[in-house]
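Residue numbers (UniProt numbering): 1 to 407.
This is the structure we're talking about:
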């Protein structure tokens with residue numbers, strides 16, 4: 001046009017319709033107008049703002065998403081691709097070949113993607129988010145667990161430093177209201193340590209700490225009727241000791257702790273690591289403290305003590321295992337142990353310089369050594385769990401073969 005004036009404006013419009021996770025009908029509309037030509041000027045780098053809206057209603061079964069005839073060539077095909085992308089994986093194979101095709105013509109995707117921009121991406125995330133139960137904020141995708149609770153991972157926040165506490169508080173309040181209306185029973189809010197400021201916002205809305213680990217804390221809020229029925233966090237810590245008995249000479253491995261007020265003789269041991277089997281803990285602790293290699297044979301006893309001073313007020317489970325040595329040269333850890341030696345089992349059972357639990361277990365071990373370990377051993381068998389791919393260890397007295405094979 002003369003004077004560099006733009007010509008008539010062309011309107012580009014696209015409608016996209018899909019089914020949400022709840023079977024609700026959702027629609028996305030995106031449109032943009034621009035001059036047909038800009039003579040003697042390069043096309044602008046920035047894309048004019050577009051208008052977008054998403055509505056939901058209960059309109060029932062969906063038909064194919066309509067598209068305006070004014071769209072540029074290739075855009076209709078892109079709408080079909082978007083439709084296919086939002087369907088569950090099991091339903092994509094049922095689409096016609098033209099709809100399931102994922103190789104659009106070169107440049108076909110660019111006009112619509114430029115028009116929609118962040119708005120379309122937000123809608124697509126909402127349509128495809130697995131387990132999402134309510135619209136997210138800042139990239140959050142709340143998920144519904146099998147017990148009827150909602151889990152929110154604040155680590156999913158995009159650019160968390162730019163998020164305002166007030167905005168998070170408004171989103172959380174609105175979300176909790178919706179979850180209550182939907183009949184959800186609880187909310188689990190997982191807060192990374194670098195976003196700890198948001199924990200105060202949640203606390204002002206009735207959330208309370210459930211537990212904390214090295215890099216995150218978990219807050220909860222009960223939404224159901226009556227008092228909270230959420231399970232408490234870990235109620236016990238587990239300590240394991242190894243009674244390493246040399247059956248050739250009747251001697252047992254004992255240590256004295258360096259940092260204890262009363263340094264009585266005891267079996268080497270320590271706390272079990274997360275995911276570590278009891279027998280593996282005993283073998284590891286014995287080697288770390290004494291340098292002796294050994295093999296797990298059985299459990300001899302279990303002690304339970306409530307309000308244990310070293311368990312932050314929790315209860316303590318202390319498991320003593322029978323181990324068989326495979327090496328015999330002591331090389332004990334001088335940071336943890338004051339003394340370490342092989343002691344006659346009969347002497348350990350009689351001495352007054354042993355801890356009470358060590359003395360009692362020494363008598364039990366002496367009985368098994370003389371009369372047969374089958375009288376004292378609690379053995380271990382592994383079975384498949386009800387959870388796919390998982391196994392568990394069952395500890396029990398030895399079961400006769402005739403009873404073990406009962407069907």
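Every residue, glycine too, gets a C-beta built ideally from N, C-alpha and C. All values derive from a computational prediction rather than experimental measurement.
Could you tell me the distance, in whole angstroms, from the CA atom of residue 127 to the CA atom of residue 141?
In the chain shown, counting from the first residue as 1, residue 127 sits at position 127. In the chain shown, counting from the first residue as 1, residue 141 sits at position 141. In this prediction, residue 127 has a pLDDT of 41, which is less than 50 and means its spatial position is unreliable; what the coordinates show is noted afterwards. Spanning the two alpha carbons is a distance of roughly 11 Å.
Are the beta-carbon atoms of residue 321 and residue 299 separated by less than 8 Å?
Position 321 of the chain shown, counted from the first residue, corresponds to residue 321. Position 299 of the chain shown, counted from the first residue, corresponds to residue 299. Yes, these two residues count as a Cβ contact at 8 Å.
Is residue 175 helix, strand or coil by DSSP?
Within the chain shown, numbered from 1, the residue matching residue 175 stands at position 175. Reduced to three states, the DSSP call for residue 175 is helix.
Pair within 8 Å by beta-carbon distance, residue 240 and residue 281:
Within the chain shown, residue 240 is the residue found at index 240, counting from 1. Within the chain shown, residue 281 is the residue found at index 281, counting from 1. In contact: residue 240 and residue 281 (Cβ atoms closer than 8 Å).
DSSP-derived helix/strand/coil call for residue 258:
Taking the first residue of the chain shown as 1, we reach residue 258 at position 258. DSSP places residue 258 in coil when its eight states are reduced to three.
In or out: residue 262 buried (at least 16 other Cβ within 10 Å) or exposed?
As a working note, residue 262 is residue 262 in the chain shown. By the 10 Å Cβ count, residue 262 comes out exposed.
Sheet register partners of residue 392 (DSSP bridge)
For the purposes of this step, residue 392 is taken as the residue at position 392 of the chain shown. The partner list for residue 392 (beta bridge, DSSP) reads 383.
Tell me whether residue 320 sits in a helix, a strand or coil according to DSSP, three-state version.
Stepping through the chain shown from its first residue, residue 320 is reached at position 320. In this structure, residue 320 counts as strand in the three-state DSSP scheme.
Below 8 Å between beta carbons: does that hold for residue 172 and residue 219?
Along the chain shown, read from residue 1 onward, the residue named residue 172 stands at position 172. Along the chain shown, read from residue 1 onward, the residue named residue 219 stands at position 219. It is not a contact, given that the beta carbons lie outside the stated cut-off.
According to DSSP, simplified to helix, strand and coil, what is residue 303?
Residue numbering aside, residue 303 sits at position 303 when the chain shown is read from its first letter. Residue 303 falls in the strand class under three-state DSSP.
Residues of its chain near residue 250, where Cβ-Cβ distance is below 8 Å and the 5 sequence neighbours each way are ignored
The sequence position of residue 250 within the chain shown is 250, counting from 1. Counting only Cβ-Cβ distances below 8 Å, and skipping sequence neighbours, we find 344, 345, 346, 369.
At 3 residues or longer, and completely inside the stretch 211-287: list those beta strand (DSSP E) runs for me, N to C.
216-222, 236-246, 251-257, 269-271
Would you mind stating whether residue 221 and residue 186 have Cβ atoms separated by less than 8 Å?
Residue numbering aside, residue 221 sits at position 221 when the chain shown is read from its first letter. Residue numbering aside, residue 186 sits at position 186 when the chain shown is read from its first letter. Yes; because the gap between Cβ atoms is below 8 Å, this pair is in contact.
Between which two residues does the beta strand (DSSP E) holding residue 186 run?
Residue numbering aside, residue 186 sits at position 186 when the chain shown is read from its first letter. Here the beta strand (DSSP E) through residue 186 covers 186-192.
Thinking residue 201 and residue 165 are a contact (beta carbons under 8 Å), I'd like their distance in whole angstroms, please.
One-based indexing of the chain shown puts residue 201 at position 201. One-based indexing of the chain shown puts residue 165 at position 165. Right, the Cβ-Cβ distance comes to about 5 Å (below 8 Å), so this counts as a contact.
Answer yes or no: do residue 269 and residue 295 have a C-beta to C-beta separation smaller than 8 Å?
Counting from one through the chain shown, the residue named residue 269 turns up at place 269. Counting from one through the chain shown, the residue named residue 295 turns up at place 295. It is not a contact, given that the beta carbons lie outside the stated cut-off.
Residue 324 to residue 342 span [Cα, whole Å]:
What you label residue 324 is simply residue 324 of the chain shown in a count that begins at 1. What you label residue 342 is simply residue 342 of the chain shown in a count that begins at 1. Each residue's alpha carbon lies about 13 Å from the other.
Rounded to the nearest angstrom, how far is the Cβ of residue 151 from that of residue 143, given a contact under 8 Å?
Indexing the chain shown from 1 puts residue 151 at position 151. Indexing the chain shown from 1 puts residue 143 at position 143. About 5 Å separates the two Cβ atoms, so the contact holds.
Does DSSP put residue 404 in a helix, a strand or coil?
Within the chain shown, numbered from 1, the residue matching residue 404 stands at position 404. If DSSP states are grouped into helix, strand and coil, residue 404 belongs with the helices.
Entirely within the stretch 352-383 and at least 4 residues each: give me those alpha helix (DSSP H) ranges in chain order.
356-371
Since residue 148 is in the beta strand (DSSP E), which residue starts that stretch and which ends it?
Within the chain shown, the letter at position 148 stands for residue 148. Note, residue 148: premise wrong, no beta strand (DSSP E); not H, not E.
Is it true that the CB of residue 244 sits closer than 8 Å to the CB of residue 278?
As a working mapping, residue 278 is identified with position 278 in the chain shown. As a working mapping, residue 244 is identified with position 244 in the chain shown. Against a cut-off of 8 Å, the Cβ pair of residue 244 and residue 278 comes out as no contact.
Per DSSP, residue 341 forms a beta bridge with which residues?
Translated into the one-based positions of the chain shown, residue 341 becomes position 341. Bridge partners of residue 341: 254.
Pull up the distance between the alpha-carbon of residue 217 and that of residue 195, whole angstroms please.
On the chain shown, residue 217 is found 217 positions in, with the first residue counted as 1. On the chain shown, residue 195 is found 195 positions in, with the first residue counted as 1. For residue 217 and residue 195, the distance between alpha carbons rounds to 10 Å.
To which residues of the same chain is residue 313 closer than 8 Å at the C-beta, ignoring the five residues directly before and after it?
Along the chain shown, read from residue 1 onward, the residue named residue 313 stands at position 313. Closer than 8 Å at Cβ, skipping near neighbours: 307.
Taking the alpha carbon of residue 292 as the reference point, which residue from 174, 340, 353, 168 has its own alpha carbon closest?
Here residue 292 refers to the residue found at position 292 of the chain shown. Answer by Cα proximity: 340.
Which stretch, first to last residue, makes up the alpha helix (DSSP H) that contains residue 198?
Walking along the chain shown from the start, residue 198 turns up at place 198. Start and end: 197-203.
Of the residues 400, 335, 210, 356, which one's Cα is nearest the Cα of residue 230?
For this step, residue 230 is matched to residue 230 along the chain shown. Residue 210 is the option with its Cα nearest to residue 230.
How big is the Cα-Cα spacing for residue 123 and residue 197?
Counting from 1 along the chain shown, the entry for residue 123 is found at position 123. Counting from 1 along the chain shown, the entry for residue 197 is found at position 197. Confidence at residue 123 is low in this model, with a pLDDT of 45, below 50, so the placement of that residue is unreliable and no value is reported for it.
Does DSSP put residue 165 in a helix, in a strand, or in coil?
Against the chain shown, residue 165 aligns to sequence position 165. Here residue 165 sits in helix by DSSP.
Mind checking whether residue 258 and residue 338 have CB atoms under 8 Å apart?
Walking along the chain shown from the start, residue 258 turns up at place 258. Walking along the chain shown from the start, residue 338 turns up at place 338. Yes, they are a contact pair.
Under the rule that 16 or more other beta-carbon atoms within 10 Å means buried, what is residue 272, buried or exposed?
Numbered from 1 along the chain shown, position 272 holds the residue referred to as residue 272. Classification for residue 272: buried.
DSSP three-state call for residue 141: helix, strand or coil?
Taking the first residue of the chain shown as position 1, residue 141 is located at position 141. DSSP places residue 141 in coil when its eight states are reduced to three.
Test item: CB-CB of residue 394 and residue 383 under 8 Å
Your numbering for residue 394 matches position 394 in the chain shown. Your numbering for residue 383 matches position 383 in the chain shown. Yes; because the gap between Cβ atoms is below 8 Å, this pair is in contact.
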